[in-house]
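Position 315 of the sequence shown, counted from 1, bears residue number 361 in the numbering used here, the numbering being contiguous throughout.
Ideal placement from N, C-alpha and C gives every residue a C-beta, glycine not left out.
Step one of this worksheet: look at the structure below.
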Amino acid sequence: MIYAILTHDRQVIESRIRLPFFLASIFFLFSLSLAGCGKPSPKSVDIAPGIVFRRDETVGVQTVSVDLQTAAVRPVFVAENIERRGNNFVGDCKTVREWSEKYGAIVGMNATFFGNTYDEVGRRKQIVGLLVREGRVVAPFSFIKASDTSGAKYTRSALGFGADGKPQIAWVTGTMSAPPKRYNSAVSPPEGAPWQTLFAGGCGPRLFAAGSKYIADRDERLVSPGKLNRAFVAYDWDRGGPQHMVLGRAEAMEFSEIADYLTVLFRREFNSAPEEAMCMDGGPSAQLVYRNSGSLEDAEPTGVLVPTALLLLPK
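In structure tokens form, the structure reads like this:
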């Protein structure tokens with residue numbers, strides 16, 4: 047079993063020194079504050095019909111599952127005040143919770159990679175990766191030439207949503223002057239086909255492709271070894287289309303461990319298997335926000351400011 051099951055052993059500390067009453071009281075109150083005497087983190091929340099937040103404490107994963115047949119939501123990628131600085135595209139930054147609050151989302155997560163900061167407080171950052179809004183490319187991503195002498199070129203994964211709100215994952219490029227194109231591989235693929243999406247965000251690497259586990263970190267030049275915080279999206283496929291979508295955040299996993307976890311999750315929750323899956327930006331920027339009884343809650347707050355976010359808005 048690849049997952050390390052985290053256990054918490056209670057230790058009883060006996061003291062031979064009798065503390066004065068007022069010191070014992072202070073120690074007791076301080077201990078309560080460290081233990082988190084406020085509202086405990088929920089393990090499961092019914093966010094809305096067909097949408098459930100789950101916290102798997104044994105492996106440190108938080109997910110939002112969406113039944114695409116019943117959930118009344120509209121997935122969008124958000125960004126604001128995008129401007130071109132040389133070859134870079136720069137936008138305003140907020141935490142995912144701030145993005146969610148502004149747009150009235152019921153679920154939010156971080157989206158594309160980001161790069162250079164363009165102000166002193168981190169509220170303007172470079173958008174790295176494809177971004178499509180309302181069917182128009184607002185931040186491009188083209189093939190990148192390999193650094194060796196092979197002449198190879200590569201692209202990266204993107205998550206898109208069409209007019210029906212159903213997810214699509216593909217290897218994609220897109221320019222400001224033409225619609226995005228999708229390809230059958232990340233490395234030096236033949237000519238692509240038009241990719242019809244209203245909203246899309248590029249990131250990576252891909253974890254599943256056409257129903258098979260496929261860790262594309264080397265193909266996409268996104269090798270990132272180690273057990274790190276990682277955000278991810280996955281969906282299954284039945285009756286000609288996606289049936290369930292999962293947005294998630296892993297606290298300490300390799301790419302392959304996330305893929306294995308998704309296999310177990312889809313079998314357990316939906317009696318299905320992942321058809322497609324990919325990672326969004328990870329590390330401290332990996333954020334997942336959900337609405338609980340009218341209030342937004344961070345699965346694990348990080349406070350990182352990001353220029354793009356994936357939001358589920360109520361229809």
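Is residue i helix, strand or coil by DSSP?
i, result
"Thr201", "coil"
"Cys83", "Residue confidence for Cys83 is low, a pLDDT of 41 falling below 50, so the modelled location carries little weight; the figure read from the coordinates is stated next. Here Cys83 sits in coil by DSSP."
"Gly329", "helix"
"Trp145", "helix"
"Val303", "What sits at residue 303 in the sequence shown is Glu, not Val. Reduced to three states, the DSSP call for Glu303 is helix."
"Arg264", "coil"
"Thr309", "helix"
"Phe189", "coil"
"Arg314", "helix"
"Arg64", "In this prediction, Arg64 has a pLDDT of 33, which is less than 50 and means its spatial position is unreliable; what the coordinates show is noted afterwards. The answer is coil: DSSP assigns Arg64 none of H, G, I, E or B."
"Pro347", "coil"
"Ala116", "At residue 116 the sequence reads Thr, which differs from the Ala that was named. The answer is coil: DSSP assigns Thr116 none of H, G, I, E or B."
"Met222", "coil"
"Leu342", "strand"
"Leu359", "strand"
"Lys259", "strand"
"Val269", "coil"
"Tyr336", "strand"
Give every residue of the same chain whose Cβ lies closer than 7 angstroms to the Cβ of residue i, excluding the five residues on either side of it in the sequence, and list them in chain order.
i, result
"Glu237", "none"
"Ala151", "Leu357, Leu358 and Leu359"
"Thr309", "Ala319 and Pro320"
"Ser302", "Ile261"
"Glu180", "Leu244"
By DSSP's criteria, residue i is part of a beta bridge. Which residues make up the other side?
i, result
"Phe245", "Phe207"
"Lys13", "Outside the shown range of the chain (47 to 361) lies residue 13, about which nothing can therefore be said."
"Gln214", "Gly206"
"Glu129", "Val136"
"Ile97", "Ala94 and Val112"
Count the other CB atoms within 10 Å of the CB of residue i; is the residue buried (16 or more) or exposed (fewer)?
i, result
"Met222", "exposed"
"Pro288", "buried"
"Ala246", "buried"
"Ala345", "buried"
"Pro240", "exposed"
"Ala209", "exposed"
"Thr354", "buried"
"Ala256", "exposed"
Who are the near neighbours of residue i in its chain, counting only those whose CB is closer than 6 angstroms to its CB and skipping five residues on each side?
i, result
"Leu268", "Gly250 and Pro251"
"Val350", "Pro330 and Ser331"
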